[in-house]
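One structure is given here, and the rest of the page talks about it.
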Amino acid sequence: MTTEHTGKQVRKAAKEYTPGPAAIQAPWRMEYLEDTSAAHTKSATDAGTFLSDYWSTPEHDARNFVIERTTVGMILLNRYPYSNGHLLIALGDPRPTLLDYDTAQRSSLWQLVDRAVDLTHRTLSPQGVNIGINQGRAAGAGVPAHLHAHVVPRWSGDVNFMSVVGQIRVIPSSLEAMYTRFRSVIEAGR
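Heads up, the sequence shown is in this note's numbering, so the first residue is 104 and it goes up one at a time.
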């Protein structure tokens, strides 16, 4: 095979390849996206989110995978993780946006995020960490009425054939095992 022939194949493959997920036309989604009814845009105080439920029941922390709580907020394992050890961080006071909290509350939230990142490094030794907030339904928030942050540990190769081609994410550890690992690090650090 000549260099010229190989070059043509590479250029052809590059033209045919579109990076990122394929676009799917779903015009029926516009009704959902444009819905501004009260049921769709509940305020945080009447939302009844699982985060509010977990906050009000500290006696169920182990069952709810709340690994640590303070007087103002909590750190818990995500039941639907992007990777092992994916943590959620939320204040007990449910508000839909970051700027709905006062300066002291925002500071408390970021202190909890700092703590979650520290626990993630000490418990799992990831090669990287994604930290973020999805504010509002349009930004991807699954619980838009109760703002929360995500701390997602990452390892080289954690996005692989299964997740890219098979559209499946393999989570090799159970929530119970992750809870035990995080709690043992917390207990050892006290």
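Beta carbons: idealized from backbone N, C-alpha and C, even for Gly.
Alpha-carbon spacing of residue i relative to residue j, whole angstroms
i, j, result
"Gly239", "Thr174", "26 Å"
"Ser259", "Pro229", "9 Å"
"Tyr204", "Pro197", "9 Å"
"Gly235", "Ala248", "16 Å"
"Gln214", "Leu179", "15 Å"
"Lys145", "Pro199", "Its pLDDT being 45, under 50, Lys145 is placed unreliably by the model, and nothing is read from it."
"Val113", "Val255", "Since pLDDT at Val113 reaches only 49, below the 50 mark, its modelled position is unreliable, and the value read off the structure follows with that caveat. Computed Cα separation, rounded: 35 Å."
"His253", "Ser277", "18 Å"
"Asn237", "His163", "26 Å"
"Val216", "Tyr282", "17 Å"
"Glu171", "Ala291", "13 Å"
Buried or exposed by the 16-neighbour rule on C-beta atoms within 10 Å, applied to residue i
i, result
"Arg169", "The sequence shown places Val at residue 169, rather than the Arg named in the question. By the 10 Å Cβ count, Val169 comes out buried."
"Ile224", "Before going on, a small fix: residue 224 reads as His here, not Ile. When all chains shown are included, His224 counts as exposed."
"Ala242", "exposed"
"Ser155", "buried"
"Ala280", "exposed"
"Val273", "exposed"
"Gly195", "buried"
"Pro161", "exposed"
"Ser159", "exposed"
"Leu190", "buried"
Minimum C-alpha distance to residue i - residue among the options
i, options, result
"Val232", "Phe153, Gly188, Val288", "Gly188"
"Val288", "Asp164, Ser210, His251, Ala219", "Ala219"
"Phe153", "Asp217, Ala291, His251, Arg257", "His251"
"Leu201", "Ala244, Gly151, Pro275", "Ala244"
"Gly176", "Gln208, Gly151, Ala165", "Gln208"
Nearest-angstrom beta carbon gap, residue j and residue i [assumed within contact, 8 Å]
i, j, result
"Phe285", "Thr206", "Wrong, their Cβ atoms sit about 29 Å apart, outside the cutoff."
"Leu212", "Ile192", "7 Å"
"Asn167", "Tyr157", "5 Å"
"Ser186", "Asp261", "6 Å"
3-residue-minimum beta strand (DSSP E) runs that sit fully inside the region 230-286, ordered along the chain | 231-236, 252-257
At what residue ranges does the region 203-234 contain a whole run of the alpha helix (DSSP H), taking only runs of 4 or more?
-> 206-227
In chain order, which continuous runs of the alpha helix (DSSP H) of length 4 or greater are located wholly inside the region 148-196?
-> 153-158
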